[in-house]
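Novice:
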Amino acid sequence: MTAQIILQVILLGIALSMDAFAVSITLGLTVTDINKKRIFFTAFLFGFMQALMPLIGYFLVEGISTIVGEAGGNSAGDVMATIVSWMAFALLVFIGGKMFIEGILKLKGKRDAEEEKLFSYKEVFYLGFATAIDALGTGVAMHAGISSNQTIWLHVVIIMCITFMLSLVGLFLGKQILKLLRGKVMISEIIGGIILVGLGIWIIVSHYCAI
395 MTAQIILQVI LLGIALSMDA FAVSITLGLT VTDINKKRIF FTAFLFGFMQ
445 ALMPLIGYFL VEGISTIVGE AGGNSAGDVM ATIVSWMAFA LLVFIGGKMF
495 IEGILKLKGK RDAEEEKLFS YKEVFYLGFA TAIDALGTGV AMHAGISSNQ
545 TIWLHVVIIM CITFMLSLVG LFLGKQILKL LRGKVMISEI IGGIILVGLG
595 IWIIVSHYCA I
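Residue numbers (my numbering): 395 to 605.
(1) Taking the alpha carbon of I408 as the reference point, which residue from A524, M474, W480 and C555 has its own alpha carbon closest?
(2) If you measure between the beta carbons of T532 and D413, is that distance less than 8 Å?
(3) Can you tell me whether S514 is buried or exposed, with buried defined as 16 or more other CB within 10 angstroms of its CB?
(4) Expressed to the nearest angstrom, what Euclidean distance is found between the alpha-carbon atoms of T545 and Y520?
(5) For the alpha helix (DSSP H) holding D413, just list the boundary residues, first then last.
(6) Roughly how many whole angstroms lie between the Cα atoms of I581 and V417?
(7) Taking all protein chains shown into account, do 16 or more other C-beta atoms lie within 10 angstroms of the C-beta of N543, making it buried, or fewer, making it exposed?
(8) Report yes if the C-beta distance between A482 and I527 is below 8 Å; otherwise report no.
(9) Rounded to the nearest angstrom, how far is the Cβ of M536 from that of H549, given a contact under 8 Å?
(10) Compute the distance between the beta-carbons of I553 and A475, then report whether it is under 8 Å.
(11) In whole angstroms, give me the CA-to-CA distance for G587 and M493.
(12) Assuming contact is defined by CB atoms lying nearer than 8 Å, are G522 and I419 in contact in what I supplied?
(13) Once the 5 residues before and after I433 are set aside, which same chain residues still bring their CB inside 6 Å of it?
The structure is reproduced here in structure tokens:
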């Protein structure tokens, strides 16, 4: 694998990890009890899922192509990419919308303004899934573009490492922003909700613009 190809994979990894980076900022901004252990767990989960999805997409198309031919595999991959984009949109808008509404209610005094948003492994998993699932389409594209001397495994390892590092940065950055807001949970939840909903919309728009 040449230096040029490695650079291309690094740039791809950065592009794919931007969703996880944005969500990491949101988590650091809104979750008040997130400690270093949870930060590293979240970053690892985001990195792992961001690497897993292209791998699934790649080998799914590989399997379908073996059965129905290359054209059939690529067509199935396109349909799959559309479905997962809508799934990611639905998850992010639901979680982000809920977060935004809770922040507004606290701001209006209809909820306890001091009520803290606590770390939830289930929510972190959903967010990791939502930000990574659209990378299935990347796996489909990789199947068409990776030659025999360019292993899919090296691609996903690079993607995982980059996503892990950027997620760490995002989580710590979010915590610093929360400190600047002086722990005002309602403001951080409103901002975080807007980020997640915006990210969901961006995933759908970018999917259809790429078609």
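Beta carbons are placed, not taken as given, at the ideal position from N, Cα and C, and that holds for glycine. This structure is a prediction, so every number in the text was calculated from the model and none was measured.
Specialist: Here's the rundown:
(1) For the purposes of this step, residue 408 is taken as residue 14 along the sequence shown, with counting starting at 1. The shortest C-alpha separation from I408 is found at C555.
(2) For this step, residue 532 is matched to residue 138 along the sequence shown. For this step, residue 413 is matched to residue 19 along the sequence shown. No, they are not a contact pair.
(3) Mapped onto the sequence shown, residue 514 falls at position 120. Per the 10 Å Cβ criterion, exposed.
(4) Sequence index remark: in the sequence shown, residue 545 carries index 151 (1-based). Sequence index remark: in the sequence shown, residue 520 carries index 126 (1-based). The C-alpha of Y520 is placed about 29 Å away from the C-alpha of T545.
(5) Position 19 of the sequence shown, counting from 1, holds the residue named residue 413. Counting along the chain, the alpha helix (DSSP H) containing D413 begins and ends at A397 to T424.
(6) Position 187 of the sequence shown, counted from the first residue, corresponds to residue 581. Position 23 of the sequence shown, counted from the first residue, corresponds to residue 417. Rounded to the nearest whole angstrom, the CA to CA distance from I581 to V417 is 16 Å.
(7) Residue 543 sits at position 149 when you count from the first residue of the sequence shown. With a pLDDT of only 43 at N543, under the threshold of 50, the placement of this residue in the model should not be trusted; the figure read from the coordinates follows. Taking every protein chain shown into account, the CB of N543 has fewer than 16 other CB atoms within 10 angstroms, so this residue is exposed.
(8) Numbered from its first residue, the sequence shown carries residue 482 at position 88. Numbered from its first residue, the sequence shown carries residue 527 at position 133. A contact, by the Cβ cut-off of 8 Å.
(9) Along the sequence shown, read from residue 1 onward, the residue named residue 536 stands at position 142. Along the sequence shown, read from residue 1 onward, the residue named residue 549 stands at position 155. Between H549 and M536 the Cβ distance is about 6 Å, and since that is below 8 Å, they are a contact.
(10) Translated into the one-based positions of the sequence shown, residue 553 becomes position 159. Translated into the one-based positions of the sequence shown, residue 475 becomes position 81. Cβ atoms of I553 and A475: not closer than 8 Å.
(11) As a first step, residue 587 must be located in the sequence shown, where it is residue number 193. As a first step, residue 493 must be located in the sequence shown, where it is residue number 99. Between G587 and M493, the C-alpha separation is close to 5 Å.
(12) Here residue 522 refers to the residue found at position 128 of the sequence shown. Here residue 419 refers to the residue found at position 25 of the sequence shown. I419 sits away from G522, with the two beta carbons spaced by 8 Å or more.
(13) By one-based count along the sequence shown, residue 433 stands at place 39. The beta carbon of I433 is closer than 6 Å to those of L565 in its chain, skipping five residues each way along the sequence.
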